[in-house]
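Numbering (our numbering), first residue to last: 49 to 477.
One structure is given below, encoded as structure tokens.
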Ligand SMILES: *Cc1c(COP(=O)(O)O)cnc(C)c1O
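Structural data, given as structure tokens:
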């Protein structure tokens, strides 16, 4: 699929080189942009809400590294904090002051979290939270939702969202049968299916993105998260909220604060790394003290709590106050409303589903409540629309099954530019 619109460009030449040494030319599948029928864009730099590709083209970036960059690209405060940390040594494999401060900051924000363990990626964090849930309950099965993505953990790839959904991969070869068999998958927003599956399979954990965002953004139906809490309590399972996307984004205290439902364990990533590789899982002290060396559940990491990532995280979280969340919500709302309006003027049927700080434009005539609804969207039309947007200097998520991530660097100017480009792109369909 090399060449196309990019023949003869620097991006095109880089892609040809990349295809020889990186599978698919990338280090993570969705970057390849295959789902929207074009070649990837090689990025040279970013600043605020803007990225510049290696051919000098500028884009308003609504992907923002898939969520971490809530302050936008190359934020001066974050850069200064990381530079200071780097000058003092990039890694020690020994405790530092910063990670204690970050753990305190996380616990102060998330209502259900008293203790955290840091990791380098969200995948590691969900994997470790499952291990803890299995240790605590003495059970093996995990209940997850169709279209949810929790990183590329073996047992969680069944009917996963994000890149699996984008590429139409129901699961993955290479996953041991036993790992797949320990995973029970039910539709999101289906209370009866959850109740029945939990009673029948007595899982160690029910793991959910409280707002699924890896099949596009699918808000929970009123009462659905509360039901998960009830069913977990009734069946002796732990409730795990994967807040890798929602944490520190939809509200100061994440989705658990926004919806007022507290999980037993919370998985964090993306924003909590401030744009550097960091993630974490946490919960009540009673549970977290099972983790080694306080307890017997082993989990470790050479670069866990890395000083550069911790510095970026602290610099980022320090800026996320009530005013910041109000601005992020206003930007999301203005963008959503503008996109809805632009589509309806052009006579294109879409549903824009959003929460403060994230949204998806579904090419569908009806609300998207679960994976069946999401997978019924017109992905070809979505792809064409994205290509038109890119040609007009707007960088949307290059898959129907991902979220737009407004940042605090996006202002009215970027929103207006995007809505104008979107209107022309809808017309072009
Ligand atoms: C991105 C993501 C992960 C995985 O995090 P990585 O850092 O990419 O391993 C897990 N859960 C959710 C909800 C995510 O969006």
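We put the beta carbon where it would ideally sit given N, CA and C, even for glycine.
So is the beta-carbon of residue 354 under 8 Å away from any non-hydrogen atom of ligand 1?
-> Along the chain shown, read from residue 1 onward, the residue named residue 354 stands at position 306. Flag unset: Cβ of residue 354 not near ligand 1.
In chain order, what residues place their C-beta within less than 5 Å of a heavy atom belonging to ligand 1?
-> With the cut-off at 5 Å, the residues found are 169, 170, 171, 198, 199, 257, 290, 292, 293 and 317.
Since residue 251 and residue 258 are thought to touch, with beta carbons under 8 Å apart, how far apart are those beta carbons, to the nearest angstrom?
-> If you number the chain shown from 1, residue 251 lands on position 203. If you number the chain shown from 1, residue 258 lands on position 210. Not a contact, Cβ separation roughly 17 Å.
Stretch-stretch touch, CB-based, cutoff 8 Å, three pairs: the region 275-284 with the region 319-338 = Below 8 Å, too few C-beta pairs join the region 275-284 and the region 319-338 to call them touching: fewer than three.
Nearest neighbour of residue 477, chosen from 435, 116, 456 and 442 [CA to CA] = Stepping through the chain shown from its first residue, residue 477 is reached at position 429. Proximity to residue 477 across 435, 116, 456 and 442 peaks at 435, based on C-alpha coordinates.
Out of 274, 165, 263 and 266, point me to the one whose CA is closest to residue 242's CA.
-> As a first step, residue 242 must be located in the chain shown, where it is residue number 194. Measuring from the Cα of residue 242, the nearest candidate turns out to be 274.
Compare the beta carbon distance of residue 228 and residue 202 with 9 Å and say whether it is the shorter of the two.
-> Your numbering for residue 228 matches position 180 in the chain shown. Your numbering for residue 202 matches position 154 in the chain shown. Contact flag set, yes.
For the candidate residues 139, 147 and 106, whose alpha-carbon lies nearest to that of residue 350?
-> Here residue 350 corresponds to residue number 302 of the chain shown, with the count starting at 1. The shortest C-alpha to C-alpha distance from residue 350 to any of 139, 147 and 106 is the one to 139.
In whole angstroms, what is the alpha-carbon distance linking residue 456 and residue 246?
-> Reading the chain shown from its first residue, position 408 is the one you call residue 456. Reading the chain shown from its first residue, position 198 is the one you call residue 246. So the two alpha carbons sit approximately 40 Å from each other.
Say whether the region 351-365 touches the region 143-155, bearing in mind that this needs 3 or more beta-carbon pairs closer than 8 Å, one atom from each stretch.
-> Because the criterion of three Cβ pairs below 8 Å is met, the region 351-365 and the region 143-155 touch.
Quick one: Cα of residue 421 to Cα of residue 344, how far?
-> Here the question's residue 421 lines up with position 373 in the chain shown. Here the question's residue 344 lines up with position 296 in the chain shown. Residue 421 and residue 344: Cα-Cα distance of roughly 42 Å.
Whose CA, out of 392, 368, 355 and 407, lies closest to the CA of residue 135?
-> Counted from its first residue, the chain shown places residue 135 at position 87. Selected option, being the one with the closest Cα: 355.
Between which two residues does the beta strand (DSSP E) containing residue 402 stretch?
-> For the purposes of this step, residue 402 is taken as the residue at position 354 of the chain shown. It spans 399-403 - the beta strand (DSSP E) in which residue 402 sits, taken as one unbroken run.
Note down the Cα distance separating residue 173 from residue 332, rounded to an integer number of angstroms.
-> Locating residue 173 in the chain shown gives position 125, counting from the first residue. Locating residue 332 in the chain shown gives position 284, counting from the first residue. Residue 173 and residue 332 have their C-alpha atoms roughly 16 Å apart.
Please report the residue range of the alpha helix (DSSP H) in which residue 373 lies.
-> Looking up residue 373 in the chain shown gives position 325. Unbroken alpha helix (DSSP H) run through residue 373: 370-394.
Return yes when at least one heavy atom of ligand 2 lies under 8 Å from the C-beta of residue 366, else no.
-> Ligand 2 is not part of the structure shown, which contains ligand 1 as its ligands.
For residue 211, which residues of its own chain have a beta-carbon under 6 Å away from its beta-carbon, when the five flanking residues on both sides are left out?
-> Residue numbering aside, residue 211 sits at position 163 when the chain shown is read from its first letter. Cβ within range, chain order: 77 and 78.
Per DSSP, what kind of secondary structure is residue 307 in: helix, strand or coil?
-> Within the chain shown, the letter at position 259 stands for residue 307. Of the three classes helix, strand and coil, the one that applies to residue 307 here is helix, per DSSP.
Other residues of its chain near residue 413: CB distance less than 6 Å, five sequence neighbours each side excluded = On the chain shown, position 365 is the one that residue 413 refers to. 397.
Burial state of residue 197 (16 or more Cβ within 10 Å) | For the purposes of this step, residue 197 is taken as residue 149 along the chain shown, with counting starting at 1. Under this definition residue 197 is a buried residue.
Alpha helix (DSSP H) segments (min. 4 residues) lying fully within the region 76-155 = DSSP runs (the alpha helix (DSSP H)) wholly in the region 76-155: 124-135.
Complete runs of the alpha helix (DSSP H) confined to the region 161-222 [at least 4 residues] = Secondary structure remark: continuous alpha helix (DSSP H) runs of at least 4 residues inside the region 161-222, in chain order: 170-185 and 210-215.
For residue 293, three-class secondary structure by DSSP | By one-based count along the chain shown, residue 293 stands at place 245. In this structure, residue 293 counts as coil in the three-state DSSP scheme.
Take residue 460 and list the residues in its own chain whose beta-carbon comes closer than 6 Å to its own, dropping the five residues that flank it on each side.
-> Locating residue 460 in the chain shown gives position 412, counting from the first residue. Taken in chain order, the list of residues that qualify is empty.
If you draw a straight line from the alpha carbon of residue 104 to that of residue 86, how long is it in whole angstroms?
-> Residue 104 sits at position 56 when you count from the first residue of the chain shown. Residue 86 sits at position 38 when you count from the first residue of the chain shown. Distance between residue 104 and residue 86, taken at the CA atoms: about 18 Å.
If we ignore side chains and look at the alpha-carbon of each, how far apart do residue 384 and residue 185 end up?
-> Within the chain shown, residue 384 is the residue found at index 336, counting from 1. Within the chain shown, residue 185 is the residue found at index 137, counting from 1. C-alpha separation (whole angstroms): 42 Å.
Of the listed residues 293, 271 and 388, nearest to residue 409 (C-alpha basis) = Along the chain shown, read from residue 1 onward, the residue named residue 409 stands at position 361. From the listed residues 293, 271 and 388, the smallest Cα separation to residue 409 is found for 388.
Out of 195, 283, 348 and 439, which has the shortest C-alpha to C-alpha gap to residue 449?
-> Along the chain shown, read from residue 1 onward, the residue named residue 449 stands at position 401. Selected option, being the one with the closest Cα: 195.
For my contact list, residue 115 and residue 411 are in at a C-beta cut-off of 8 Å; report their separation, rounded to the angstrom.
-> As a first step, residue 115 is located in the chain shown; it is residue number 67 there, counting from the start. As a first step, residue 411 is located in the chain shown; it is residue number 363 there, counting from the start. Contact annotation, residue 115 with residue 411: C-beta distance approximately 22 Å; criterion of less than 8 Å not satisfied.
Residue 205 vs residue 253 beta-carbon contact at 9 Å = Here residue 205 refers to the residue found at position 157 when the chain shown is read from its first residue. Here residue 253 refers to the residue found at position 205 when the chain shown is read from its first residue. Against a cut-off of 9 Å, the Cβ pair of residue 253 and residue 205 comes out as no contact.
Check residue 67 in the structure and name its three-state DSSP category.
-> If you number the chain shown from 1, residue 67 lands on position 19. DSSP, reduced to helix, strand and coil, places residue 67 within a helical segment of the structure shown.
In chain order, what residues of the same chain have a beta carbon less than 6 Å from the beta carbon of residue 167, not counting five sequence neighbours either side?
-> If you number the chain shown from 1, residue 167 lands on position 119. Correct list, in chain order: 173, 327, 349 and 352.
Report the three-state DSSP secondary structure of residue 408 (helix, strand or coil).
-> Residue mapping note: residue 408 aligns to position 360 of the chain shown, counting from 1. Shown here, residue 408 sits in a strand according to DSSP, grouped into three states.
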